[in-house]
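Working notes, beginning with the structure itself.
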Amino acid sequence: MILQLNFFGDPNLGLFCAANSKICFLPFALAEKEKVERILEVKAFEVKVLGTNLIGIFCVMNDYGIILPNLLQNVEKIFFKKVAEEYKLNICFLEVNYNALGNLILCNNKGAVLSKLIPKKYKEKIERTLEVEVDYASIANLNIVGACGIANDEGCLLHREVKDEEIEKVEKILKVECNTGTVNFGSPFVKSGLVISKMNAIIGNPTTAPEISRIVETLKLRF
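Just so you know, we're using this note's numbering here: the sequence shown kicks off at 70 and counts up by one.
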């Protein structure tokens, strides 16, 4: 299923939300919470990350694990650990200089693309947490690979200026075919306007019909 939404009047849904095939994390007092649960077919949990609503910027998830910056407040860590235990997910907190991990890791249940801003000493820890092979790459010559792409186990949508050799590398890591596209009437940072779970998605309201068609085709989503 697919539904177009704004969160708090903002079409950049991916900044506020992180999801896998069972759960999603949302800001408190979000009017669209029930719609998100119904469309994505997940259980939604309300939470803050670093005291903000920008969950998608800081959180990385697949069906095996959750990765967050170590800078989280203790009460936030306790909450995430509780949810991870309930749903039998691995969880880790990385001590990094760049805390916006959601912008730095692009993953599905087959692999994970890491930004070169993530120290190599964390590679094995990320592999253990997400239970996938990981490797480093750029997208459109940018290190914010998590912001420049979104993937499920059927496909991957990438920034429109991605280079052929980058596509080849991402396809090898994630083990799916890649395509290029935009969201929210032309934004190349596709994760910002899109949240997916299995074959379902919520998409920012300004996203056009041709953009949605490309998203659906690439990720093999259900209408």
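Don't be surprised by glycine CBs; every beta carbon is placed ideally from N, CA and C.
Quick caveat: nothing in here was measured; it's all calculated off a predicted structure.
Nearest-angstrom Cα separation, counted from residue j out to residue i
| i | j | result |
| --- | --- | --- |
| residue 259 | residue 244 | 19 angstroms |
| residue 215 | residue 256 | 14 angstroms |
| residue 239 | residue 285 | 19 angstroms |
| residue 116 | residue 187 | 25 angstroms |
| residue 263 | residue 108 | 13 angstroms |
| residue 250 | residue 228 | 6 angstroms |
| residue 261 | residue 82 | 6 angstroms |
| residue 146 | residue 120 | 12 angstroms |
| residue 210 | residue 123 | 25 angstroms |
| residue 237 | residue 230 | 14 angstroms |
| residue 137 | residue 144 | 14 angstroms |
| residue 165 | residue 105 | 31 angstroms |
| residue 118 | residue 142 | 8 angstroms |
| residue 189 | residue 234 | 22 angstroms |
Residue i and residue j closer than 8 angstroms at C-beta
| i | j | result |
| --- | --- | --- |
| residue 265 | residue 212 | no |
| residue 274 | residue 75 | yes |
| residue 160 | residue 169 | no |
| residue 271 | residue 84 | no |
| residue 140 | residue 176 | no |
| residue 173 | residue 191 | no |
| residue 94 | residue 87 | yes |
| residue 218 | residue 246 | no |
| residue 276 | residue 252 | yes |
| residue 110 | residue 267 | yes |
| residue 112 | residue 92 | yes |
| residue 205 | residue 232 | no |
| residue 283 | residue 70 | no |
Nonlocal neighbours in the same chain, by C-beta distance under 6 angstroms from residue i, ignoring five residues either side
| i | result |
| --- | --- |
| residue 202 | 180 |
Beta-carbon proximity list for residue i, same chain, < 8 angstroms, skipping 5 on both sides
| i | result |
| --- | --- |
| residue 133 | 158, 159, 178, 198, 199, 200, 201 |
| residue 254 | 275, 276, 277, 280 |
| residue 226 | 218, 219, 220, 247, 248, 249, 250, 259, 263, 283, 284, 287, 288 |
| residue 150 | 160 |
Proximal residues to residue i (C-beta, below 7 angstroms), its chain only, five neighbours per side dropped
| i | result |
| --- | --- |
| residue 148 | 116 |
| residue 80 | 253, 262, 273, 274, 275 |
| residue 167 | 173, 186 |
| residue 156 | 91, 92 |
| residue 89 | 130, 131, 132, 266 |
Pair every Cβ in the stretch 162 to 181 with every Cβ in the stretch 189 to 198, then say whether three or more of these pairs are closer than 8 angstroms. The stretch 162 to 181 makes contact with the stretch 189 to 198, as at least three CB pairs between them are under 8 angstroms.
Decide if the stretch 119 to 130 is in contact with the stretch 101 to 108; the criterion is three or more beta carbon pairs, one per stretch, under 8 angstroms apart. Contact annotation: the stretch 119 to 130 does not touch the stretch 101 to 108, with fewer than three C-beta pairs closer than 8 angstroms.
Minimum length 3: unbroken beta strand (DSSP E) runs contained in the stretch 226 to 259: Entirely contained in the stretch 226 to 259, the beta strand (DSSP E) runs reaching 3 residues are, in chain order, 247 to 249.
Uninterrupted beta strand (DSSP E) stretches inside the stretch 106 to 179 (no shorter than 3 residues): Within the stretch 106 to 179, the complete beta strand (DSSP E) runs of at least 3 residues are 112 to 115, 134 to 138, 159 to 163, 174 to 176.
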